[in-house]
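Here the numbering used here is used: the sequence shown runs in plain steps of one and ends on residue 921. Even for Gly, the Cβ is constructed at its ideal location relative to N, Cα and C. From a predicted model like this one, the values you see are computed outputs, not experimental measurements.
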Amino acid sequence: MTSDKVTIVEVGPRDGLQAHKEPISTEARIGLIERLRKAGVTRMEVGSFVSPKAVPRMADTAEVMAAVGSASQADDMVLVANARGLDQAIAEGARTVAVFTAASDGFAEKNIGCTVDASLERFVPIVTRARENGITVRGYISTITDCPYSGPVEPEAVVRVANALTEMGCGEISLGETLGRATPRRIAAVIEAVAKDVPMSSIAAHFHDTYGMGVANVWEAVRLGVRTVDAAAGGLGGCPFAPGATGNVATEDVIYMLHGQGYETGIDMDALLDAAAYCKDAMGIAPVSRVYHAIRRCI
Ligand code: HMG
Ligand code: MG
Numbered sequence: 623m624t625s626d627k628v629t630i631v632e633v634g635p636r637d638g639l640q641a642h643k644e645p646i647s648t649e650a651r652i653g654l655i656e657r658l659r660k661a662g663v664t665r666m667e668v669g670s671f672v673s674p675k676a677v678p679r680m681a682d683t684a685e686v687m688a689a690v691g692s693a694s695q696a697d698d699m700v701l702v703a704n705a706r707g708l709d710q711a712i713a714e715g716a717r718t719v720a721v722f723t724a725a726s727d728g729f730a731e732k733n734i735g736c737t738v739d740a741s742l743e744r745f746v747p748i749v750t751r752a753r754e755n756g757i758t759v760r761g762y763i764s765t766i767t768d769c770p771y772s773g774p775v776e777p778e779a780v781v782r783v784a785n786a787l788t789e790m791g792c793g794e795i796s797l798g799e800t801l802g803r804a805t806p807r808r809i810a811a812v813i814e815a816v817a818k819d820v821p822m823s824s825i826a827a828h829f830h831d832t833y834g835m836g837v838a839n840v841w842e843a844v845r846l847g848v849r850t851v852d853a854a855a856g857g858l859g860g861c862p863f864a865p866g867a868t869g870n871v872a873t874e875d876v877i878y879m880l881h882g883q884g885y886e887t888g889i890d891m892d893a894l895l896d897a898a899a900y901c902k903d904a905m906g907i908a909p910v911s912r913v914y915h916a917i918r919r920c921i
């Protein structure tokens, strides 16, 4: 029997902010993380160690990690793309890191500068060394249904990458629908295909909300047995390498739906909306979610 508890991985402080055009103060990033913790978020992406030229908003990730005590938070996660990124994560005491690739070469090349196969080869020693250092590793697969450069993606391509990441030691595979375009039928096809090899308990859903399909897709994933869902407070975010794609599915939209369907997340709606509101006050980034506006403006 599957559990009625769904764990939210809050990606706002990384995915939510990484593509923002204007500078964001380190204090504001810290303030957001503190408010998310207060709301009951237990798993969170606090930043990434990547090229500051490629992603300038994440350049102060080391300061952020130190300020929010990530070295003593097993479930604070940082993204790393290469050995240098892992060195930085280890130096800051990270307990969980994520490596990230794609199911399509077009996106991988734009995002991390190499093909999918080359990225998998590059990740083997990174994942091995992370685990030798007692670090838990998540593996991201972007473009699970559609790639902005290579077109539609078949589930088999996702399965191949999921198996490679699992074999090298990633304990969790986050399936990224980067463009926010797919409908539940295609999401189901990918999850069902991956779940033939990877246990459902190791699969996470990471859906962007460009076409407003995010909540429907999360529900489809949960209906199929996925119990780990990535989302960003306020529905913020986007990837600098996915033109036209908007933010992640909003955490408040997801928990409104899940709580209503009888699932527990441990997240307090009011405190979460405070965290989303803080993004507007401290960074000038307004929440875009339906639930935020319904609760905070219209009643
Ligand atoms: P590489 O090929 O190893 O890099 O990786 P390189 O050695 O060719 O270096 C390229 C430049 O990056 C050099 O600078 C390096 O110094 C610098 P330059 O000589 O041009 O001045 N560099 C670094 N600087 C600081 N820390 C580092 C580091 N590594 C290289 N660790 C690399 C190239 C992948 C690092 C680069 O292309 C990069 O940083 N890309 C950004 C990737 C990224 O953060 N993308 C967004 C996250 S993924 C995402 O959002 C999708 C996801 O949400 C799921 C979904 O929605 O689908 C996860
Ligand atoms: Mg993303």
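- Between Q640 and P862, the C-beta spacing is below 9 angstroms.
- G859 has its Cβ nearer than 8 angstroms to a heavy atom of the ligand MG.
- In this structure the stretch 642 to 650 does not lie against the stretch 838 to 853, because fewer than three pairs of beta carbons, one per stretch, are closer than 8 angstroms.
- In the DSSP assignment, F829 falls within the beta strand (DSSP E) that extends over 825 to 829.
- Between M822 and V783 a beta carbon distance of about 17 angstroms is seen, past the 8 angstroms cut, so the two are scored as non-contacting.
- In terms of side-chain proximity, the C-beta atom of D637 is found nearer than 8 angstroms to a non-hydrogen atom of the ligand HMG.
- Relative to the non-hydrogen atoms of the ligand HMG, the Cβ of S824 never comes closer than 8 angstroms to any of them.
- The residue among R717, V721, V690, G715 with its C-alpha nearest the C-alpha of A705 is V721.
- Secondary structure remark: continuous beta strand (DSSP E) runs of at least 3 residues inside the stretch 668 to 726, in chain order: 698 to 702, 718 to 724.
- The DSSP assignment places 850 to 853 as complete runs of the beta strand (DSSP E) inside the stretch 829 to 917, in order along the chain (cut-off: 3 residues).
- In the three-state DSSP reduction, K627 falls in the strand class (E or B).
- The closest heavy atom of the ligand MG lies less than 8 angstroms from the beta carbon of G798.
- When secondary structure is reduced to three states using DSSP, E644 falls in the coil class, being assigned neither helix nor strand.
- Taking a C-beta distance under 9 angstroms as the contact criterion, V663 and I889 qualify as a contact pair.
- For G634, the Cβ stays outside the 8 angstroms cut-off from all heavy atoms of the ligand HMG.
- Classified as buried, T723 has 16 or more neighbouring CB atoms from the shown chains inside 10 Å of its CB.
- Close CB contacts of E743 within its chain, under the 6 angstroms cut and outside five residues either way in sequence, are absent.
- Nearest to H915 by C-alpha distance, out of A898, M905, A904, is A898.
- The alpha-carbon of E799 is positioned some 5 angstroms away from that of T765.
- Nearest neighbour of S694 by Cα position, chosen from D682, V677, T718, turns out to be T718.
- A residue is called buried once 16 or more other Cβ atoms fall within 10 Å of its Cβ, and T805, having fewer, is exposed.
- In the three-state scheme derived from DSSP, where H, G and I count as helix and E and B as strand, D768 is classed as strand.
- Assigned with DSSP and collapsed to three states, I763 falls in strand.
- Cβ atoms of P635 and V668 come within 8 angstroms of each other, at about 5 angstroms.
- In the three-state scheme derived from DSSP, where H, G and I count as helix and E and B as strand, R665 is classed as strand.
- With contacts defined as CB atoms closer than 9 angstroms, A893 and N870 fail to qualify as a contacting pair.
- Sequence-distant Cβ neighbours of E789 in its own chain, meaning closer than 8 angstroms and more than five residues away, do not exist here.
- Assigned with DSSP and collapsed to three states, I757 falls in coil, not helix or strand.
- The Cβ atoms of G836 and P770 lie no closer than 9 angstroms to each other.
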